[in-house]
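Here's the structure we're looking at; comments come further down.
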Amino acid sequence: MALESRFSDVLGATVHWTDYGGPPAPAAVLVCVHGLGGCAANWDLWGPLMARTHRVVALDLVGFGLTEAGQRQATVAANTELLTEFLRTIHARTGHLDADLPVLLVGNSMGGLIAANVISTGGARPAGLVLVNPAAPHVGYGSALFPVFGLPYAGEFLGLALYGTPFASALVAQYATMLRSPEQTANDLFWMCVQNQDTVTQSLIDKHAGIIAHQRGRRGINL
Numbered sequence: 000m001a002l003e004s005r006f007s008d009v010l011g012a013t014v015h016w017t018d019y020g021g022p023p024a025p026a027a028v029l030v031c032v033h034g035l036g037g038c039a040a041n042w043d044l045w046g047p048l049m050a051r052t053h054r055v056v057a058l059d060l061v062g063f064g065l066t067e068a069g070q071r072q073a074t075v076a077a078n079t080e081l082l083t084e085f086l087r088t089i090h091a092r093t094g095h096l097d098a099d100l101p102v103l104l105v106g107n108s109m110g111g112l113i114a115a116n117v118i119s120t121g122g123a124r125p126a127g128l129v130l131v132n133p134a135a136p137h138v139g140y141g142s143a144l145f146p147v148f149g150l151p152y153a154g155e156f157l158g159l160a161l162y163g164t165p166f167a168s169a170l171v172a173q174y175a176t177m178l179r180s181p182e183q184t185a186n187d188l189f190w191m192c193v194q195n196q197d198t199v200t201q202s203l204i205d206k207h208a209g210i211i212a213h214q215r216g217r218r219g220i221n222l
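Residue 218 in numbering that gives the first Met the number 0 is what sits at position 219 of the sequence shown, and the numbering runs on without skipping anything.
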């Protein structure tokens with residue numbers, strides 16, 4: 000099954016999610032959650048590989064990708080609620096009505112924080128949690144943008160703090176929009192997040208650049 004782009008109403012938001020398919024009898028359903036500045040397309044190289052043995056889906060959180068927020072906020076707490084509700088109905092969404100089929104939650108960076116929050120709040124009970132580099136930006140990128148006394152990680156933490164402050168995040172977004180094209184921003188994200196740059200294909204960059212271009216000017220965290 001080729002990957003499919005789908006939309007579902009979740010707590011008033013129109014959530015975009017990618018279904019990478021899976022075998023007739025998957026071992027489990029993997030629900031993948033992107034990080035800050037990411038989207039479901041971040042999983043486009045990994046998803047099809049895991050879909051050989053598992054049913055794999057990835058969603059765009061509110062404020063990211065192609066998801067329309069409605070009246071919902073693009074905060075960690077609000078997206079924790081959104082992800083919890085998405086998990087509650089994942090079997091029906093994927094066509095697997097067997098409630099005993101395990102669901103594994105996979106979170107990258109900020110998505111790891113949100114995934115862990117889902118577990119800690121107890122609103123949903125996935126069978127397992129996989130954290131992929133949770134909240135650990137690539138050292139050097141933030142320091143290049145925000146050099147802070149040469150302290151390790153200082154730039155990265157300042158960058159995350161700015162994104163977490165509504166007024167400051169709007170200024171950062173405006174700065175990025177004026178000075179960086181969607182393709183440049185996509186390249187920035189891959190440089191920050193991907194250790195082996197040889198694995199990043201031009202088609203993947205183009206897809207992310209298209210999503211960033213679509214996202215700019217919309218409510219949420221625009222890059």
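Note that CB positions come from ideal geometry on N, CA and C, so glycine has one too.
What you are looking at is a predicted structure, and each value in this text was computed from that prediction instead of being measured.
Can you give me the Cβ contacts of residue i inside the same chain, cut-off strictly under 7 Å, excluding the 5 residues immediately before and after it?
i, result
"V102", "A27, V28, V30, L86, I89, P125, A126"
If we count the other Cβ atoms within 10 Å of its Cβ and call it buried at 16 or more, is residue i buried or exposed?
i, result
"F6", "exposed"
"L65", "buried"
"D197", "exposed"
"D18", "buried"
"G37", "buried"
"T83", "buried"
Tell me whether residue i sits in a helix, a strand or coil according to DSSP, three-state version.
i, result
"V61", "coil"
"N132", "coil"
"F6", "strand"
"T198", "helix"
"W45", "coil"
"L104", "strand"
"L35", "coil"
"D205", "helix"
"G69", "coil"
"T93", "helix"
"G110", "helix"
"T52", "coil"
"T17", "strand"
Any heavy atom of the ligand FAD closer than 7 Å to the beta-carbon of residue i?
i, result
"V32", "The model depicted lacks the ligand FAD and carries no ligand whatsoever."
When the Cα of residue i is compared with those of the options, which residue comes out closest?
i, options, result
"V75", "L35, T93, D8", "L35"
"V105", "N195, L58, M177, S202", "L58"
"P22", "G94, I204, D99", "G94"
"Q183", "V193, V199, I204", "I204"
Tell me which same chain residues have a C-beta within less than 6 Å of the C-beta of residue i, skipping the five on either side of it?
i, result
"N116", "T79"
"Y152", "Here the model assigns Y152 a pLDDT of 49, short of 50, so the residue's position is not dependable, and the following value carries that caveat. Once the five neighbours on either side are set aside, Y152 has no close Cβ partner at all."
"M109", "G34, L35"
"D223", "What the structure shows of the chain is the stretch from 0 to 222, and residue 223 is not part of that stretch, so it cannot be assessed."
Residue i and residue j look like a contact to me (Cβ under 8 Å); what is the Cβ gap, rounded to whole Å?
i, j, result
"T13", "G69", "7 Å"
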